[in-house]
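Participant: If you read the sequences in order, they're chains H and G.
Under my numbering, the very last position in the first sequence is 309; numbers go up by exactly one each time.
Under my numbering, the very last position in the second sequence is 647; numbers go up by exactly one each time.
Here a beta-carbon is modelled for each residue, glycine too, at the ideal position from N, C-alpha and C.
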Amino acid sequence: MNDPQHAVAGRRGPAAAPGARWPTGGAAPEASVGGDLHAERVSRLIGGRLVLDGVTVTPRPGETIGLLGPNGSGKSTLLRLLAGVLAPSSGVVTLDGRPLGRTTRRTVARRVATVEQNVHTQTELTVRDVVALGRVPHRRAWTPMSAADLGAVTAALERTGLTGRADQSWHTLSGGERQRAQIARALAQEPSELLLDEPTNHLDIQHQLDLLELVTNLPVTTVIALHDLNLAAMYCDRLLMLRDGRAVAEGTPSEVLAPSLIEEVYGVRAEVATGPGYPVIRFLRRGAEQPARCAESDRPAGTEAKAAD
Amino acid sequence: MRGARLVLLTSGGLVVLAVSVAVTVTIGPADIGTADVWRSVSARLGFGDNPLPPLREGIVWNLRMPRTLLAAVCGAGLALCGAVMQSLLRNPLADPFVLGVSSGASTGAVAVIVLGWGGGVVSLSAGAFVGAVLSFGMVVLLAQSLGASMDRVVLSGVAAMQLFSALTSFIVLTSADAETTRGVLFWLLGSLSGAGWADVVLCTAVLAGVLAVCLAHTTTLDAFAFGEEAAANLGVRVARARLLLLTATALLTAALVSSAGAIGFVGLVLPHAARTITGSSHTRLLPVTALSGAVFLVWVDTVARTALEPQEIPVGVVTSLIGVPAFVAVLYRARRKT
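1) Since Glu538(G) is in the beta strand (DSSP E), which residue starts that stretch and which ends it?
2) Under the assumption that Thr56(H) contacts Arg41(H) (Cβ atoms under 8 Å), give the Cβ distance between them as a whole number of angstroms.
3) Using the three-state DSSP reduction, which class does Ala249(H) fall into: helix, strand or coil?
4) Assign Thr585(G) to buried or exposed, taking buried as 16 or more other Cβ atoms, counted over all protein chains shown, within 10 Å of its Cβ.
5) Could you give the DSSP three-state label for Ile65(H): helix, strand or coil?
6) Quick one: list the residues of chain G neighbouring Ala83(H), beta-carbon separation under 7 Å, in chain order.
7) In chain order, what residues of the same chain lie with their CB nearer than 6 Å to the CB of Leu455(G), ignoring the 5 residues before and after it?
8) Can you give me the start and stop residues for the beta strand (DSSP E) that Ile46(H) sits inside?
9) Based on the DSSP secondary-structure assignment, which residues constitute the bridge partners of Thr126(H)?
10) Is the CB of Thr592(G) under 8 Å away from at least one CB in chain H?
11) Tell me the residue span of the beta strand (DSSP E) that contains Ile281(H).
12) Do you know offhand how far Leu212(H)'s Cα is from Ser192(H)'s?
13) Hey, does Ser454(G) have any beta-carbon neighbour from chain H nearer than 8 Å?
14) Does the structure place the segment 385 to 403 of chain G close enough to the segment 591 to 602 of chain G that three or more beta carbon pairs sit under 8 Å?
15) Under 8 Å, CB to CB, which of the residues in the segment 513 to 546 of chain G have a partner in chain H?
16) Is it true that the CB of Trp170(H) sits closer than 8 Å to the CB of Leu125(H)?
17) Asp210(H) and Val115(H) look like a contact to me (Cβ under 8 Å); what is the Cβ gap, rounded to whole Å?
18) From the DSSP secondary-structure annotation, give me the bridge partner or partners of Arg311(H).
19) Mark Asp610(G) as exposed unless 16 or more other C-beta atoms lie within 10 angstroms of its C-beta, in which case mark it buried.
20) Please list, in chain order, the chain G residues whose beta carbon lies closer than 8 Å to that of Arg105(H).
21) Express the C-alpha separation of Glu158(H) and Gly251(H) in angstroms, rounding to a whole number.
22) Ala548(G) and Leu379(G) - do their beta-carbons sit closer together than 8 Å?
23) If you drop the 5 nearest sequence neighbours on each side, which residues of the same chain put their C-beta closer than 8 Å to that of Arg348(G)?
24) Applying the 10 Å Cβ sphere with the 16-neighbour rule, what's the burial state of Asp340(G)?
25) If we count the other Cβ atoms within 10 Å of its Cβ and call it buried at 16 or more, is Ile46(H) buried or exposed?
26) My understanding is that Ser474(G) touches Ser434(G), with C-beta atoms under 8 Å, so please give their C-beta distance in whole angstroms.
27) Using the Cβ count rule (16 or more neighbours within 10 Å means buried), how would you classify Thr274(H)?
28) I need the DSSP call for Asp340(G), collapsed to helix, strand or coil.
29) Mind listing which residues of the segment 575 to 607 of chain G have their C-beta closer than 9 Å to chain H's C-betas, in chain order?
30) My guess is that Thr77(H) and Leu37(H) are in contact by the Cβ rule of under 8 Å, so how many angstroms apart are they, rounded?
31) Taking 8 Å as the CB-CB limit, is Arg60(H) close to chain G?
32) DSSP three-state call for Arg98(H): helix, strand or coil?
33) Which stretch, first to last residue, makes up the beta strand (DSSP E) that contains Ile224(H)?
34) For Gly602(G) versus Val575(G), is the C-beta distance shorter than 8 Å?
35) Would you kindly check if the distance between the Cβ of Gly337(G) and the Cβ of Arg267(G) is under 8 Å?
36) Would Thr483(G) be called buried (16 or more neighbouring beta carbons within 10 Å of its own) or exposed?
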């Protein structure tokens, strides 16, 4: 078992001269340290339905923002808008102050890397081939991989603990290893912003923790959609809670993860233990009037949420 | 090191192709040796002063050379189209026939031969090209209105293929006399027997152009491995790349079908064979696929015209006999990966 999470060397920190990656000159980012990817009051209609409604996300350089919310609340759509593969119906996504719509796809891909949910391929690829895809936005036509390209691939493999598997077929990897290979591919893009859509899906708990440990220790700004509230509380600096395409809460994990909000958004009852460190959420069984093993509690259903107000 | 391997593969392929052409030109009912071929070619190119007798000269220069070279160009072109379409559509079974391009080209050509559309002014090639563009346009429009996902493109291609095959059959059955039917059928099955220098020049020019476009987009094609959304995330302008590359392959297919008929399975099988040598990187895959397609069709056509002498088998029949088992093998391998 590889242990990628301890590799934290900041060789390629967020301060690595964004101006150098910004050949279009003109609107050189003066104030920003690292990438500034902002979504301002973005909305998106899909098939006549308002999937996202006036959401603003402004990650600070280097921090990890968690997107929470039930299925269909707009997390994936928001990530696609941030990546620029989907255009907002209204509002604007900017990279260093410049709207994504006025930036070439290639320029965006050199700055913003995305790890999608459960990607598949039928092509016979080695792990190294997959990671090398991250160099596509950096390469020119008619030229082979440069030394810089090869170096970025090697570094990304190293960082994700996949060096030993570089020549193995993608199809032989486990789910966790595939996710790690996709993260390595994203790192090979040398981004300043990393977007991840539920990267821990279908992974066992060890791999979930390994993966989030790896991601949050990277020297990049990260926006990550998560289902698991406890993982979000453990690993995110700030959280954005979505419901029906609207932002209903934003702040640190202890600010956002209140039992009342969890009940309002997810329709489930929960207790939140706010000790030192991160808050811990304990969900309560639905059918039981009183939580199991709480014999002394004779309070009627619903008072937990009220008590926390 | 990677570059060196590409140079090695490409130059090796070119040598094999040159040797294949030189050898297969000597094979046939008329007894012609490599020395005769050399004498004819060098005289034609203007640096030999020892021409062959006119009859033998005619066999080498007007019959066998254009035919062999057209086989090479068709093999290279069809294999290239197959490789590009398979990557763009993320479908290991895609080739010019799946997109209905070949069927459309056939219908256009048959309309010119049988119905005499264009009054003799419009050539067979032009008819085939119009047919290819029509069927391709239909596939694109249909797929676009269905949501443009890649399986829709393939299904639209199947619909177009059925429609244009039916139209071709209708035209042939209602309008053609027995002799024309025989000629059309032979051509529909794919045959290089009528190859002339005009065909070689046209197809080579189109192949060169399309090959250049594809080689300029090798990393773009690599980026499609995990789908269109992933490609977009890697900085590819997906709609533009797809339109450009599919149009280029449709154009090439139209040129090839107008010259040699619908030769099946080359575009399907050769890219898979080439991938086992080169891996998935299109920088290596595309040149090697094109070269192996050329060598493949040169030899298959030689078999087709000599195996049952003096009877000639349409080359498309031979490629299908080889292609169908390979098709089944690809299906099996694709099933394992899903």
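Facilitator: According to the structure shown:
1) Glu538(G) -> not in any beta strand (DSSP E); alpha helix (DSSP H) instead, spanning 537 to 542.
2) 5 Å
3) strand
4) exposed
5) strand
6) Asn542
7) Arg461
8) 37 to 46
9) Ser169(H)
10) yes
11) 280 to 283
12) 17 Å
13) no
14) yes
15) Leu524, Ala525, His526, Thr527, Thr528, Thr529, Asp531, Ala532, Ala534, Phe535, Gly536, Glu538, Ala539, Ala541, Asn542, Leu543, Gly544, Val545, Arg546
16) yes
17) Not confirmed; about 15 Å, so no contact.
18) The structure shown does not extend to residue 311(H), since chain H is modelled only from 1 through 309, so no value can be given for it.
19) buried
20) Ala541, Gly544, Val545, Arg546
21) 34 Å
22) no
23) Gly357, Asn359, Pro360, Leu361
24) exposed
25) exposed
26) No, Ser474(G) and Ser434(G) are not in contact; Cβ-Cβ is about 20 Å, not under 8 Å.
27) exposed
28) coil
29) Arg584, Thr585, Gly588, Ser589, Ser590, Thr592
30) In fact, because the Cβ distance is near 16 Å, the residues do not count as touching under 8 Å.
31) no
32) strand
33) 221 to 225
34) yes
35) Here chain G comprises residues numbered 310 to 647, so residue 267(G) is not present and cannot be evaluated.
36) exposed
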